[in-house]
Amino acid sequence: METWDTIRARRNVRQYTDQPVAREDLERILDAGRRAPSSTNWQPWHFVVVTERRQLGELSAVWRGAGHVATSAATIALVASAQDDDARARVLQYDLGQATAYMMLAAADLGIGSGHASVDDQDEARRVLGLPEGYFCAYLIALGYPADRPLAPIAHPDRRPFDDVVHWGRW
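Residues in the sequence shown are numbered consecutively from 3, following the working numbering.
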């Protein structure tokens, strides 16, 4: 896809076919996250890829909105070390957001749907993912081929009007 078409086609997908995602496609998606912009080139992320059905089911319990993780072909857990400094913690969240967006766009470019989720139960996430002490799971990106319809540019997205969002020079 062209970049603009990929941006217009990406949507949250939470129902997937049974088709697995090829390892080379997963690696491309992960490489997009690895290449995401990062404040002072910090690159604070680690990505844990889960494809085993039982583990996906367990991982889906870490947040009430993560049920789609159980039926995904693969889920990427974005992991980082805990930050004591508030400023550093804010930068960490921004960097993780960049990596998330890059991976979701890379997936859409390949025709692979994605649905993000937060993580509430850190103890369960640590157990399921085998995280070392001092690390936490910030987000999940479930991946799979859309069960309803293929990804394609959306002509009329459910978004606020351009002029309500964009302000030129001043509010």
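In this text, a Cβ means the ideal position worked out from N, Cα and C, and glycines have one as well. Note that the coordinates shown come from a computational prediction; the quantities given were computed from them, not determined experimentally.
Boundaries for Thr77: no alpha helix (DSSP H) harbours it, while the beta strand (DSSP E) harbouring it runs Ala76 to Ser83, taken from the DSSP string. The DSSP-derived three-state label of Ile31 is helix. Rounded to whole angstroms, the separation of the alpha carbons of Glu60 and Trp47 is 22 angstroms. A distance below 7 angstroms between beta-carbons, with the five flanking residues on each side excluded, links Val23 to the following residues of its chain, in chain order: Ala75, Ala76, Ile114, Leu145 and Gly146. The shortest C-alpha to C-alpha distance from Thr19 to any of Thr73, Leu153, Thr102 and Ser41 is the one to Thr73.
Take Phe138, set aside five residues on each side of it, and the residues of its chain with a beta-carbon closer than 6 angstroms to its own are Ala84 and Gln124, in chain order. Distance between Asp122 and Leu80, taken at the CA atoms: about 13 angstroms.
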